[in-house]
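> So that we are looking at the same thing, I have put the structure below in structure tokens.
2 protein chains.
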Amino acid sequence: MGYEAPTMRRPIASNALLLPMALATVAVPALARPASAAGGPGSVDMLPILAGLVLILIGARLGAALFESIGQPAVLGELLAGIVIGNLGLLGLHALDELRTDVGISILAQIGVLFLLFSVGLESDVKRMMAVGLSSLLVATLGVITPMVLGFFVSSRFFPGHHPMTHWFVGATLTATSVGITARVLADLRRTDSKEGRIILGAAVIDDVMGLIVLAVVAGIIEAADRGAAFAPVTVLWIVGKSLLFLVAAVVAGQWLSRRAFRLASRLGGQGVMLSVALVFCFGLAYLAALSGLAPIVGAFAAGLVLDEVQIRQLGGRNGETRSMQERLQPIATFLVPVFFVLMGIRVDLAAFAQPDVLLFALVLTLAAVIGKQACSLGVLEKGCDRLAVGLGMIPRGEVGLIFAAIGAGLTIAGERVVDNAVFSAVVIMVALTTLVTPPLLVWRLRRLDGRSAMK
Amino acid sequence: MGYEAPTMRRPIASNALLLPMALATVAVPALARPASAAGGPGSVDMLPILAGLVLILIGARLGAALFESIGQPAVLGELLAGIVIGNLGLLGLHALDELRTDVGISILAQIGVLFLLFSVGLESDVKRMMAVGLSSLLVATLGVITPMVLGFFVSSRFFPGHHPMTHWFVGATLTATSVGITARVLADLRRTDSKEGRIILGAAVIDDVMGLIVLAVVAGIIEAADRGAAFAPVTVLWIVGKSLLFLVAAVVAGQWLSRRAFRLASRLGGQGVMLSVALVFCFGLAYLAALSGLAPIVGAFAAGLVLDEVQIRQLGGRNGETRSMQERLQPIATFLVPVFFVLMGIRVDLAAFAQPDVLLFALVLTLAAVIGKQACSLGVLEKGCDRLAVGLGMIPRGEVGLIFAAIGAGLTIAGERVVDNAVFSAVVIMVALTTLVTPPLLVWRLRRLDGRSAMK
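Residue numbers (our numbering), protein chains in the order written: chain A, 44 to 499; chain B, 44 to 499.
Pasting the structure below:
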């Protein structure tokens, strides 16, 4: 996405000044600091961060429990809790408005989403991706192209005055199936190992990667256009090449390196040493992805893909540590992942829905998202496989859609924001609705299949 | 410490401006943002944070493994790794200088130290604190007063021109035994349940609280003096009263509330729900402590004290979750606690040691710290208890000393920093040396005792 890393570095004072500043504003309880020391680099007011974390964790749990009690995924409850917290201003309560822009909460949310994608990567591995084969690839391809085209048309009908590239960007937010939500629904239905389940999971993994490439291409074109540069297919090739190069290098070199690193770490010893190595891989590949112009989450996902759970279990077994890396990461995910989803909810501007146009746009966008993924059923090559179930399983959009929208909100073209408040809010609603609609539909379809096979 | 909470709040733009700003700088991968959006509230460059985390985690592990391989505690290795990373500038390598002042790393370090103190609080509980009784109280009191007085004299000899209160502040950094290091050394020696072990642990808990009250008093007096206000004993009483009030209220109301919250949460259900409640208690009490003028870590420690591991295990057992909260927190601690210690090391300015005075000061301060704690042996009332072992066990200073030094670095009196570069570096060396010296001394003493009782 043509991203220039060092553009926002803070200007560095001379080295002689650095330590005094660091000391005056030193991390720790960050209290008892005189006002004069405030605002320097490294200084942080922990009060709003602590208050924000308490609110977010409570809201996430209550929202999750509420939605799970009615058989819906927890992530919807977290988004809703955020929407409530973020829109108390509508009731005249503005004490929490700062949460929307708090740097500390932002950083924790960003690290949280890295852990989510790392965890999704851990769930699948490279071999499993290869084995799902052609069907997954076709399902993924159709499931990326069709919703994107539909999204383009919906956006251009609703906002005829906008730049065409913004319509493509809206289309891009409809591309990626949420692996997390899909996998969780299949697990709840004990269908992870069915033929349909494996195709859906494989395709979801592939369309995640495809979606990220689409994002890189579209965002790259928009940035070039915004700089007044001509649309250069070479740029696109370079962006695609860079991301593929990163992924291939991460998977090949990463696999080689991770095996050696874990073996070395298990000899190094120390409590939690395997977890530390996993964290280094997650943050390290996220860093390299960002350096290659990709989003850090691509790197985190690749890191998860690369780690070999079997090796980790074997090495851990020698020290009596039999849990998988996924299980060991669970507490960190429990802490940080909801921060991302609640913050996404907090940033939804309900005031935008006062305009009936926005609401209508959200509903039509959702329809495009649902219908677009039904093209997936044409990609299933296997016989005796329920095509409708595959199409339904591909519906849920999640974190990736929100991330795309968030990135679009930071892009401009010809002085106009690519994703404005209305579109951002509509995407959040689309994510919520596609997530909400999938479990009941999948339950209905798969139970009908069970009934049929029972009758045979 | 007379801390005014809202002094450093960012000025808030009108509400209409907030959402666009939030969106333009939205959390997530924080990439592909045009330079124009950079620097607004909520905007974060993830690249230095990711690079910093990778370096810190690798450094922490290598340092820890190195020190553990020679029978020393891991925390020393983490500090050393930080010192190396932070002083590469001396070799002409300035690429990492930004780490000292990175806001993201600072926030993660601050949350890390909360988890450390929360975890220390979990290790002890209120009943165990009450049971250790008079000996622990006397040991703690002597172990706070003597090093503080010795520290005052050392500082006033070395820096006769400084304000007397800065000498008391230096004394205060010598007060608190590091519960974490002490407990870990005792566990390594399998002496946690010996008579000496229980007295040391109880006293370490009490002198932690005492040290924090001392800090509140000294810092409060300094802030009053800096504002030109008279030294008012009422202020001191108010500060002491506030901190005691917070601790008593946190322990009494917190215990009542936590039992109900965990029972409620276990009915609420959901993966990791008990962990979320524990996090809410940790951050919530940290927030309330900060509001009461105490350091957030006091609240995190109180939260750990208040949580009832027995209840948590019982409630968890119903859902097949038998691990203690301590074990469930382990991965988060593995991630975040080293960030604090490595960052502390990073902030040590080795250039300050070029002055022989500073080095001499560090050594004499360490001597005062070690000798001061030997007064503790006078507080042991029980017969048949090795007084020397208790005195040696109280030697290690850790995170609390560093935190005091960090807070002192942010305080000024009569235009002069209370803890300047030289003193800060000396305190870090003192922490390292007291931590380094304890394990071999304790091993020597306790093995001699074992030998004696074997001969009987």
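Quick reminder that beta carbons are idealized off the backbone N, C-alpha and C, glycines included.
1. Going by CA-CA distance only, name the one from Leu393(A), Arg241(A) and Leu331(A) that's closest to glutamate 425(A).
2. Show which residues of chain A have a CB atom less than 7 Å away from the CB atom of proline 116(B).
3. Would the beta-carbon of threonine 409(B) be found less than 6 Å away from any heavy atom of the ligand NAP?
4. Could you work out which residue in Ala432(B), Val470(B), Pro207(B) and Gly451(B) is closest to serine 237(B) when comparing CA atoms only?
5. Are the C-beta atoms of alanine 333(A) and some chain B residue less than 7 Å apart?
6. One question on the structure: do isoleucine 154(A) and leucine 379(A) come within less than 7 Å of each other, judged by their Cβ atoms?
7. Can you tell which of Ile113(B), Gln115(B), Leu90(B) and Val127(B) has its C-alpha closest to the C-alpha of isoleucine 101(B)?
8. For aspartate 140(A), collect the residues of the same chain with a Cβ closer than 8 Å to its Cβ; drop the 5 residues on either side in sequence, then sort them by chain order.
9. By alpha-carbon positions, which one of Ile472(B), Gly388(B), Leu300(B) and Met191(B) ends up nearest to arginine 143(B)?
10. Let me check one thing: in DSSP terms, what residues is glutamate 459(B) bridge-paired to?
11. Within the same chain, show all residues whose beta-carbon is closer than 6 Å to that of alanine 343(A), passing over the 5 residues directly before and after it, in chain order.
12. Which whole-angstrom value is the C-beta distance of threonine 455(A) and aspartate 269(A), which I expect to be below 8 Å?
13. Who are the near neighbours of alanine 219(B) in its chain, counting only those whose CB is closer than 6 Å to its CB and skipping five residues on each side?
14. Here's a check: name, in chain order, each residue in its chain whose Cβ is nearer than 6 Å to the Cβ of isoleucine 99(B), leaving out the five neighbours to either side.
15. Quick one, which of Ala332(B), Val323(B) and Gly147(B) has its alpha-carbon nearest leucine 288(B)'s?
16. Hey, how far is the Cα of isoleucine 375(B) from the Cα of leucine 93(A)?
17. By the criterion of Cβ-Cβ separation under 8 Å, what are the contact partners of proline 374(A) in chain B?
18. Buried or exposed for valine 295(A), going by 16 or more other Cβ atoms inside 10 Å?
19. So is proline 339(A) in contact with chain B if we call contact Cβ pairs under 7 Å?
20. Mind checking whether glycine 422(B) and valine 182(B) have CB atoms under 7 Å apart?
21. Would a check of beta-carbon distances place phenylalanine 13(A) closer than 7 Å to chain B?
22. Between the Cα of proline 483(A) and those of Leu177(A), Ala457(A), Gly436(A) and Met473(A), spot the shortest distance and give me the residue it belongs to.
23. Tell me which residues share the same chain as arginine 488(A) and place their Cβ nearer than 8 Å to its Cβ, disregarding the 5 neighbours each side in the sequence.
24. Measure the C-alpha to C-alpha separation of phenylalanine 196(A) and alanine 108(A) and round it to an integer number of angstroms.
25. Measure from the C-beta of leucine 93(A) to each C-beta in chain B and report whether the shortest distance is under 7 Å.
26. Exposed or buried, what is valine 320(B) when buried is set at 16 or more other beta-carbons lying within 10 Å of its beta-carbon?
27. 7 Å is my cut-off, CB to CB: does alanine 183(B) come that close to chain A?
28. By the 7 Å beta-carbon criterion, what residues does the stretch 395-418 of chain B contribute toward chain A?
29. Would you report the Cα separation of glutamine 417(A) and valine 486(A), rounded to the nearest angstrom?
30. Taking only beta-carbon positions, decide if arginine 310(B) is within less than 7 Å of chain A.
31. Residue range of the alpha helix (DSSP H) that threonine 515(A) falls in?
32. To the nearest angstrom, how far is it from the Cα of threonine 481(B) to the Cα of leucine 492(B)?
33. Assuming glycine 106(A) and glycine 120(A) make a contact with CB atoms under 8 Å, what is their CB distance in whole Å?
34. Taking only three categories from DSSP, how would you classify leucine 424(B)?
35. Do you know whose CA, among Ala452(A), Gly114(A) and Ile414(A), lies nearest valine 391(A)'s CA?
36. Could you give the uninterrupted runs of the alpha helix (DSSP H) lying entirely in the stretch 301-387 of chain A, keeping only those of 4 residues or more?
In this structure, then:
1. Taking the Cα of glutamate 425(A) as reference, the smallest distance to any Cα among Leu393(A), Arg241(A) and Leu331(A) is reached at Arg241(A).
2. The contacting residues do not exist; proline 116(B) stays about 11 Å from chain A at best.
3. For the ligand NAP, the structure offers nothing, since it holds no ligand at all.
4. Looking only at Ala432(B), Val470(B), Pro207(B) and Gly451(B), the smallest Cα-Cα distance to serine 237(B) is reached by Ala432(B).
5. Nearest CB-CB separation between alanine 333(A) and chain B: below the 7 Å threshold.
6. In this structure, leucine 379(A) lies closer than 7 Å to isoleucine 154(A) by Cβ.
7. Nearest option by C-alpha distance: Val127(B).
8. Excluding its 5 nearest sequence neighbours in each direction, aspartate 140(A) has C-beta neighbours in its own chain below 8 Å: Gly132, listed in chain order.
9. Considering only Ile472(B), Gly388(B), Leu300(B) and Met191(B), the residue with the shortest C-alpha distance to arginine 143(B) is Gly388(B).
10. BP columns for glutamate 459(B) point to Ile456(B).
11. Only Leu157, Leu160, Phe161, Cys325 and Ala329 meet the Cβ criterion.
12. Their Cβ separation, rounded to whole angstroms, is 6 Å, which keeps threonine 455(A) and aspartate 269(A) in contact under 8 Å.
13. Here the set comprises Asp250, Asp251, Gly254 and Val443.
14. Answer for isoleucine 99(B): Val382 and Val385, listed in chain order.
15. Of all alpha-carbon atoms in Ala332(B), Val323(B) and Gly147(B), the one lying nearest the alpha-carbon of leucine 288(B) is that of Ala332(B).
16. In this structure, the straight-line span from the alpha carbon of isoleucine 375(B) to that of leucine 93(A) is close to 16 Å.
17. Per Cβ cutoff of 8 Å: Gly315, Leu318, Arg371, Leu372, Gln373, Pro374 and Ile375.
18. Answer is exposed; the Cβ neighbour count stays below 16.
19. Output row for proline 339(A): interface = yes.
20. Inclusion of glycine 422(B) and valine 182(B) in the CB contact set at 7 Å is warranted, their separation being smaller than that value.
21. What is shown of chain A runs 44 to 499, which leaves residue 13(A) out entirely.
22. Of the listed residues, the one whose Cα sits closest to proline 483(A) is Gly436(A).
23. Within the same chain, and ignoring the five residues on either side of arginine 488(A) in sequence, the residues whose Cβ sits closer than 8 Å to its Cβ are Asp429, Leu431, Ala432 and Leu435.
24. Approximately 37 Å, taken between the alpha carbons.
25. Yes, because at least one Cβ of chain B sits closer than 7 Å to the Cβ of leucine 93(A).
26. Burial of valine 320(B) is indicated by the presence of at least 16 other C-beta atoms within 10 angstroms of its C-beta.
27. Taking a beta-carbon distance threshold of 7 Å, alanine 183(B) does not count as an interface residue toward chain A.
28. For the stretch 395-418 of chain B, which is checked against every Cβ of chain A, not one residue is closer than 7 Å.
29. Glutamine 417(A) and valine 486(A): Cα-Cα distance of roughly 17 Å.
30. In terms of beta-carbon proximity, arginine 310(B) stays away from the interface with chain A, with every pair separated by 7 Å or more.
31. Nothing about residue 515(A) can be read from this structure; chain A reaches only from 44 to 499.
32. One C-alpha to the other measures close to 16 Å.
33. About 3 Å; that satisfies the 8 Å criterion.
34. Coil, per DSSP.
35. Taking the Cα of valine 391(A) as reference, the smallest distance to any Cα among Ala452(A), Gly114(A) and Ile414(A) is reached at Ala452(A).
36. The qualifying runs are 316-334, 339-349 and 352-361.
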